[in-house]
Amino acid sequence: MNKLFLIIEREFLAKVRNRTFIIMTFLSPLLMVGMIALVAFLTKSSIEKSTSVAYVDESGLFSADDLDSKTIDFENMTEIGIDKAKILVQESSHEGLLYIPDAGDVDQIAEGIQFFSEESPSMITVGEVENLLRSKLENEKMKNSGIDLMKLKSSKVKLDIRLSNFVGVKSSKLINGIRIGMGMGAGYLIMMFILIYGAMVMRSVIEEKTSRIIEVIISSVKPFQLMLGKIFGTAAAGLAQFLIWGLLIALIFIGSSYFFGVDLGAAPASSPNMAVQQMDAQIESISQNESQTILMELLSLPLVSMFVYFILYFLLGYLLYSSLYAAIGAAVDNETDTQQFMLPVLLPLVLGVYIGFATVINDPHGTIATVFSMIPFTSPIVMLMRIPFGVPWWQIAISLVLLLITFIGVVWVAAKIYRVGILMYGKKTNYKELLKWIRY
């Protein structure tokens, strides 16, 4: 046991003292915040950019009020005609020319509308123009059909269903979005940790194997202890790096807001995208009472147990996959040869993320989500996405037991491969060869 702790300490110190590790520990948060600031700047520039569109309205149906848009400036060129307007627009900075023909019937006008542009126009601009024209033409068609628009408008009903459980406790429609965000964040975090630091374990094994240092090391410790020491030591270094990243990012956000008055986490005030506009309007319309309801629901979530489950799945998932990475590193002589063995390891991770994003979000208690939250190779991701929605304790217990049993089995198999593979040089390994090593 003492030798295991010595190996863990050696691996941890070797990682944290590495110059590249130190540089990336402090540089990565700056790069992350810089990317966020760049995206925010580009988004703001795109929003504030004014799009200019000229139009020729031969139908005479549209007035300046009908073509009033926050994102598009319309210029009326009806008087000069379509032919001259095309020439002027080609020589100007307009994004395009909108042509509305005089076809008599509203349906014929709609079929004859065209948008001329030198290059492919922005789909957001085209969508905004279509919405404006459609609204006006629909109103015009209803007028021609004898429909009273004022009565039609007054007949509309604003419906906002209030949610509550059977004992009368109120709920909010946005709380599911918060649960989805928490589950997706947890699942994505564990996947990234496995990919980054599992591969680090594999590279560490390959480096020591190719440098023949491993022959000296295993003369003092058992291969199984060496493998576990590398896994735990790399995990400790990775967790330390993650904690430093979180602390530095928080300090950068707080510092930029306090000293420079820049809120890097602030969302743009408006957006040309209609879906985003609707979401912004929905968020702005939240009453104070509903905000209190959301806060109460957040506080009522089992945050402590969620954190405990996150740690359990986080550690067991990492240990499970790191054992496989260590076995792969022992089976090959260089990183290029690892590609043939990486696909079976990566497929469950990709499948877990896909199931989480495609199924858990829509049906967290469905059969597919439940089954894959029990399968050990996908449960660390899928179950973490399900837990914020409330999962029966017995499902979590079964999932953790299966994950633990699988981890022990995988460690046993990986140790068999590791024990033989670390001393094999100059031989291309295949799956048939790995099966032989497991039987030794």
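Take the sequence shown: its letters are residues -1 to 438, numbered as in this note's numbering. Glycine is no exception: its CB is placed at the ideal position from the N, C-alpha and C atoms. Since we're looking at a predicted model, the values are computed, not measured.
Check	Outcome
Could you spell out the range, first to last residue, of the beta strand (DSSP E) harbouring F72?	I70 to N74
Assuming P374 contacts L344 under a Cβ cut-off of 8 Å, what Cβ separation, rounded to an integer in Å, is found between them?	That pair is no contact at about 16 Å.
As a quick exercise: from A83, I204, Y319 and K13, pick the residue whose alpha carbon is nearest that of T334.	I204
Find the nearest neighbour of I20 within the set E126, F240, Y311 and L313, judged by alpha-carbon distance.	F240
Tell me whether the region 83 to 98 and the region 138 to 151 touch, counting them as touching only if at least three CB pairs, one residue from each stretch, are closer than 8 Å.	no
For the 8 Å Cβ check, are there 3 or more pairs between the region 225 to 236 and the region 9 to 19?	yes
Assuming I98 is part of the beta strand (DSSP E), what are its boundary residues?	G94 to I98
Would you kindly report the start and end of the unbroken alpha helix (DSSP H) that includes V104?	V104 to G110
How many Å lie between I111 and S152 at the Cα?	31 Å
Could you check where the alpha helix (DSSP H) with S115 kicks off and where it finishes?	First-last for S115: undefined, no H or E at that position.
Specify the secondary structure class of A62 as computed by DSSP and reduced to three states.	coil
With distances taken Cα to Cα, identify the nearest neighbour of T404 among L322, I366, M304 and Q338.	L322
Please name the residue, chosen from R201, F230 and I247, that lies closest to V330 on a Cα-to-Cα basis.	R201
With 16 as the cutoff for other CB atoms within 10 Å, does L28 come out buried or exposed?	exposed
Do S320 and V199 have their C-beta atoms within less than 9 Å of each other?	yes
Where do the N-terminal and C-terminal ends of the alpha helix (DSSP H) with E319 fall, by residue?	Per the sequence shown, the amino acid found at residue 319 is Tyr instead of Glu. L301 to A329 is the extent of the alpha helix (DSSP H) around Y319.
Buried or exposed: which applies to H363, given that a residue is buried once 16 or more other Cβ atoms fall within 10 Å of its Cβ?	exposed
Can you pull the DSSP bridge partners for V54?	Y97
I need the boundaries of the alpha helix (DSSP H) containing V343, first residue and last residue.	Q337 to I353
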